[in-house]
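Below is one structure, written out as structure tokens; comments come after it.
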Amino acid sequence: MLKFILNNKEVSTTLAHTTLLLDFIRYNKTLTGTKIGCREGDCGACTILIGEIINNELQYKSATSCLTPIGNINGKHIVTIEGINFENELNPIQQAMHNQSATQCGFCTPGFIVSLAGFCLNKNTPTYENAIASIDGNICRCTGYKPIERAAKNVCDILQDKPQQNIATYLVNKNILPKYFETIQARLKALSTQTIENTNVSAKVYLGGGTDLYVQKHDEMLDANAMLMADNKDLQYIKNENGICKIGASTTVTQMQESDLLNQHFPNLQQHIKLISSTPIRNIATIAGNLANASPIGDLTVFFLALNATITLSNGQDERKILLSNFYKGYKQLDKAASEYITAIEFQLPTNNTYFNFEKVCKRTYLDIASVNTAICLQHSNNIITNATISAGGVNAIPMQLSKASAFFAGKQINTQTLEDGIQIAISEIAPISDARGTKEYKTLLLAQLIKAHFIELL
Ligand SMILES: Cc1cc2nc3c(=O)[nH]c(=O)nc-3n(C[C@H](O)[C@H](O)[C@H](O)COP(=O)(O)OP(=O)(O)OC[C@H]3O[C@@H](n4cnc5c(N)ncnc54)[C@H](O)[C@@H]3O)c2cc1C
Ligand code: FES
Ligand code: FES
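The structure is reproduced here in structure tokens:
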């Protein structure tokens with residue numbers, strides 16, 4: 440039995456763990472303020488907040504309920520638009536949207552307001568940039584974004600004295616959120632939830648955040664025999680063990696983005712991660728999901744391939760480690776038995792003379808998958824490249840390391856000729872196909888340009 444708090448009410452359900460939260464909210468609880476737009480994580484009309492006690496602190500993140508299985512919200516607080524309404528008046532976020540004429544048909548409006556409520560509740564500094572970032576997963580088809588941006592600015596302005604602690608109490612005292620928010624932490628602690636046993640190794644499908652699975656196999660997922668991975672706390676960590684970074688498979692993309700260790704070693708991590716999906720998707724998407732999905736254009740896959748990462752696979756009893764570059768055998772074919780799942784990923788942390796870069800070109804800059812993506816990990820001293828590992832996506836049936844080009848660069852002097860020669864070798868290694876994301880000629884040119892971009896960025 441799953442138990443959680445939905446707005447101000449404790450609820451329990453024996454529905455299948457793979458049931459989508461959006462359906463539960465709308466059809467079982469008749470809370471129809473949460474809208475169904477795309478059902479693919481793209482529009483944000485279904486945005487809800489998930490509150491969870493982490494390190495004795497209640498933390499909220501936005502998520503797309505159309506891709507969230509209810510098995511992933513056991514013991515948590517779910518906030519829908521109804522949960523932030525006041526009885527007889529608009530809350531200040533709704534009022535800001537109204538004042539700025541930021542709504543017309545209103546279909547997208549609950550999603551924007553819930554995302555902005557998430558911005559109010561989270562620990563980020565209440566800057567205008569962070570307010571805009573909080574709505575990066577919400578699309579409006581009729582109002583246009585300027586009024587919404589002005590409303591976001593108004594919300595930001597009223598948060599200027601926001602503390603780092605007891606944020607819910609602060610928001611309640613300021614009449615931004617209803618009073619019950621102050622009671623949630625204690626009520627979540629008192630909620631006696633059963634831990635979902637994670638030993639179902641006969642499962643047909645390993646379910647992470649669901650952001651790939653529910654898009655690709657929506658109907659199959661609803662009654663799938665799934666082993667829930669995302670909420671397994673033993674698989675959520677990022678640590679440094681003697682210069683080796685170890686990351687638990689169920690770590691989310693947002694946890695990666697917020698990691699002090701990773702930000703310290705990857706100075707451009709923030710700008711790289713912002714190119715990957717959107718805030719509500721990153722909040723629930725796991726790293727293992729990106730790797731095991733085996734998409735030829737998976738961004739984190741390309742990121743970790745350039746770091747020459749190793750993954751750990753387990754069948755619940757035995758473990759084995761393999762290089763990520765050996766994991767991909769053909770289009771969506773993995774060196775993985777059906778009983779095996781990813782538990783961890785590890786790589787050598789960049790040292791002082793190691794330089795890392797990630798590039799991605801899509802049809803639009805944000806919230807889009809790549810036409811071509813690539814990453815590089817480069818070491819050099821005295822104008823000589825001592826080591827290079829370059830990865831690329833969108834140029835083959837699998838995400839790949841450009842092993843010939845990488846080997847060519849090692850030991851070469853840094854100059855334009857080296858770069859031109861290396862690019863020619865890279866092009867000889869790839870086999871792009873023409874599809875909706877570009878012709879094979881375009882993708883070939885893109886890879887060449889992106890390798891140049893790596894060198895311009897790093898050198
Ligand atoms: C709107 C939208 C935008 C997106 N944008 C991007 C983008 O810009 N770049 C990008 O790379 N991706 C993008 N994605 C894809 C997706 O979000 C990522 O691939 C994400 O990391 C998948 O993680 P997940 O936990 O949701 O995976 P899931 O959907 O849960 O699983 C994906 C696959 O991995 C398997 N799996 C999950 N966990 C494990 C495990 N521990 N061991 C073995 N197998 C496992 C599943 O069985 C499944 O085959 C986007 C998705 C959406 C909906
Ligand atoms: S319905 Fe569009 S993101 Fe969920
Ligand atoms: S107000 Fe109509 S889609 Fe945004």
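Here the numbering used here is used: the first residue of the sequence shown is 440, the next is one more, and so on.
All C-beta atoms in this analysis are idealised placements derived from N, C-alpha and C, irrespective of residue type, glycine included.
Measure the beta-carbon distance from residue i to residue j and round it to whole angstroms, keeping in mind my assumption that it falls under 8 Å.
i: residue 470; j: residue 542; result: Wrong, their Cβ atoms sit about 19 Å apart, outside the cutoff.
i: residue 454; j: residue 443; result: With 8 Å as the limit, residue 454 and residue 443 do not qualify as a contact, their Cβ atoms being about 12 Å apart.
i: residue 883; j: residue 869; result: 7 Å
i: residue 819; j: residue 792; result: 7 Å
i: residue 586; j: residue 539; result: 5 Å
Counting only the same chain and skipping the five closest in sequence on each side, list residues whose C-beta sits under 8 Å from that of residue i.
i: residue 414; result: With the chain running from 440 to 898 in the structure shown, residue 414 is simply not present.
i: residue 784; result: 685, 686, 688, 726, 727, 730, 743, 748, 749, 750, 751 and 763
i: residue 657; result: 478
i: residue 838; result: 733, 734, 735, 736, 737, 740, 741, 744, 767, 830, 831 and 832
i: residue 570; result: 555, 558, 591, 592, 594 and 595
i: residue 683; result: 785, 786, 787 and 788
Taking Cβ to Cβ, would you say residue i is nearer than 8 Å to residue j?
i: residue 730; j: residue 763; result: yes
i: residue 864; j: residue 844; result: yes
i: residue 890; j: residue 851; result: no
i: residue 457; j: residue 662; result: yes
i: residue 535; j: residue 577; result: no
i: residue 817; j: residue 897; result: yes
i: residue 497; j: residue 624; result: yes
i: residue 718; j: residue 573; result: yes
i: residue 836; j: residue 769; result: yes
i: residue 483; j: residue 630; result: no
i: residue 805; j: residue 575; result: yes
i: residue 753; j: residue 790; result: no
i: residue 511; j: residue 665; result: no
i: residue 811; j: residue 885; result: yes
i: residue 492; j: residue 627; result: yes
i: residue 901; j: residue 712; result: Given a span of 440 to 898 for the chain in the structure shown, any question on residue 901 remains unanswerable.
Which of the three DSSP states is assigned to residue i in this structure?
i: residue 814; result: strand
i: residue 620; result: helix
i: residue 457; result: coil
i: residue 829; result: strand
i: residue 693; result: helix
i: residue 508; result: strand
i: residue 834; result: coil
i: residue 462; result: helix
i: residue 527; result: coil
i: residue 587; result: helix
i: residue 628; result: helix
i: residue 723; result: coil
i: residue 550; result: helix
i: residue 569; result: helix
I'd like the list of long-range same chain contacts for residue i, defined as Cβ closer than 6 Å, with 5 residues on each side in sequence excluded.
i: residue 654; result: 479
i: residue 693; result: 721 and 722
i: residue 798; result: 813, 889 and 892
Sorry if obvious, but does the Cβ on residue i come closer than 7 Å to a heavy atom of ligand 3?
i: residue 580; result: yes
i: residue 546; result: yes
i: residue 857; result: no
i: residue 539; result: no
i: residue 542; result: yes
At a threshold of 7 Å, does residue i count as lining ligand 2 (C-beta to nearest heavy atom)?
i: residue 669; result: no
i: residue 485; result: yes
i: residue 503; result: yes
i: residue 464; result: no
i: residue 475; result: yes
i: residue 816; result: no
i: residue 482; result: yes
Leaving aside the five residues before and after residue i along the sequence, list all residues of the same chain whose C-beta is less than 7 Å from its C-beta, in chain order.
i: residue 549; result: 472, 473, 474 and 520
i: residue 525; result: 617
i: residue 887; result: 862 and 866
i: residue 445; result: 468 and 517
i: residue 581; result: 543 and 544
i: residue 651; result: 728 and 732
i: residue 774; result: 761, 765, 766 and 768
i: residue 601; result: 565 and 609
i: residue 461; result: 473, 475, 485, 504 and 505
i: residue 702; result: 708
Report whether the distance from the Cβ of residue i to the nearest heavy atom of ligand 1 is below 7 Å.
i: residue 729; result: yes
i: residue 479; result: yes
i: residue 874; result: no
i: residue 755; result: no
i: residue 676; result: no
i: residue 663; result: no
i: residue 732; result: yes
Does ligand 4 have even one heavy atom less than 7 Å from the beta-carbon of residue i?
i: residue 454; result: Questions concerning ligand 4 fall outside what the structure shown contains, since the ligands it does hold are ligand 1, ligand 2 and ligand 3.
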